[in-house]
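What follows is a short report on a single structure.
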Amino acid sequence: MNTAFYNELAPLLKAHQATLIAVTKNQPLSALQELYDFGLRRFGENRVQELCEKQQQLPADIEWHLIGHLQSNKVKYIAPFISYIHSVDSLKLLEEINKHAAANNRIIKCMLQCYIASEETKYGLDKQELIDILNAPNFKTLQHIEIVGLMGMATNTSDTKLIAQEFKHLKNIFNQIQSQFFSTQKSFKELSMGMSSDYQIALACGSTMLRIGSMLFNP
Ligand SMILES: *Cc1c(COP(=O)(O)O)cnc(C)c1O
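In this note's numbering, each residue carries its 1-based index in the sequence shown increased by 13.
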């Protein structure tokens with residue numbers, strides 16, 4: 014673990030009232046155990062199988078976040094324990110999560126993944142698609158999911174102006190969705206944006222959850 018990085022990050026997180034999701038994909042169990050022993054409890058993985066294997070072998074008080082694309086047929090594997098799913102990108106997926114959350118007698122916190130980058134990526138909703146999901150008659154019947162916010166990824170570029178523009182755009186969408194659909198629901202408050210290369214920009218643009226992997230491990 015790169016504790017020097019964490020020690021620099023901690024006061025920033027506090028100042029911005031943001032939380033850190035330690036992205037542990039591709040890391041061995043021993044690396045996760047080291048983070049755990051240091052005191053970290055929020056871990057993010059982007060693949061279901063890897064997530065399940067690690068969850069089974071590590072302490073039960075870890076809060077697991079799925080941050081990568083989720084296929085409907087894999088929801089059942091994570092429904093018993095997952096705390097947050099950041100990467101919801103369709104109503105169909107939301108319905109599937111709701112079904113398996115109900116079967117496990119749980120409410121699963123979800124974020125809708127927004128497409129904000131100017132590069133071609135496969136996943137994520139635009140603003141109109143978000144609105145369509147939230148307006149869908151069936152959406153209101155989903156009692157076992159809770160939409161707690163939005164997630165997005167900026168373009169992978171060294172152009173910090175472009176990154177800031179994309180994060181500000183997501184923050185704008187967040188504000189509009191919040192006032193249009195969640196004005197009476199305090200639980201809609203999370204903006205999951207910022208990774209190792211752009212977390213400072215993300216914090217300045219209103220991120221509440223950083224998803225950081227490589228910087229946390231490589232000195
Ligand atoms: C891997 C990953 C991250 C973390 O990226 P780093 O550059 O290693 O900090 C964040 N979000 C998602 C969706 C990822 O897949």
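For every residue, glycine included, the Cβ atom is placed at its ideal position computed from N, Cα and C.
Fair warning: this is a prediction, and the values are worked out from it, not measured in the lab.
DSSP on Phe194, reduced to helix/strand/coil? In the structure shown, Phe194 sits in a helix (DSSP, three-state: H, G or I).
Ser205 versus Val101: straight-line alpha-carbon distance, rounded: Straight-line Cα distance between these residues: approximately 12 angstroms.
Could you tell me whether any non-hydrogen atom of ligand 1 is closer than 8 angstroms to the CB of Lys67? No - ligand 1 has no heavy atom lying nearer than 8 angstroms to the Cβ of Lys67.
Give the DSSP-derived three-state secondary structure of Met124 in the structure shown. Strand at Met124.
Do Ala35 and Ile225 come within 9 angstroms of each other at the CB atom, strictly closer than that value? Yes, the pair counts as a contact, with Cβ atoms nearer than the cut-off.
Unbroken stretches of the beta strand (DSSP E), 3 residues or longer, contained in the region 68 to 94: DSSP runs (the beta strand (DSSP E)) wholly in the region 68 to 94: 76 to 79.
Identify whether Leu163 lies in helix, strand or coil by the three-state DSSP scheme. In this structure, Leu163 counts as strand in the three-state DSSP scheme.
Quick one: residues in its chain with C-beta nearer than 6 angstroms to the C-beta of Thr221, no 5 flanking neighbours on either side, listed in chain order? So the qualifying residues of the chain are Ala31, Glu203 and Leu204.
Indicate, with yes or no, if ligand 1 has a heavy atom lying under 8 angstroms from the CB of Lys38. Flag set: Cβ of Lys38 near ligand 1.
For Val161 versus Ser196, is the C-beta distance shorter than 9 angstroms? Against a cut-off of 9 angstroms, the Cβ pair of Ser196 and Val161 comes out as no contact.
Suppose you measure from the CA of Met208 to the CA of Lys184; what does that come to, to the nearest Å? Distance between the alpha carbons of Met208 and Lys184 is about 16 angstroms.
Among the residues of its own chain, which have a CB less than 7 angstroms from the CB of Ser227, if the five just before and after it don't count? If we look at Ser227 and ignore the five residues flanking it on each side, its Cβ neighbours are Ser209.
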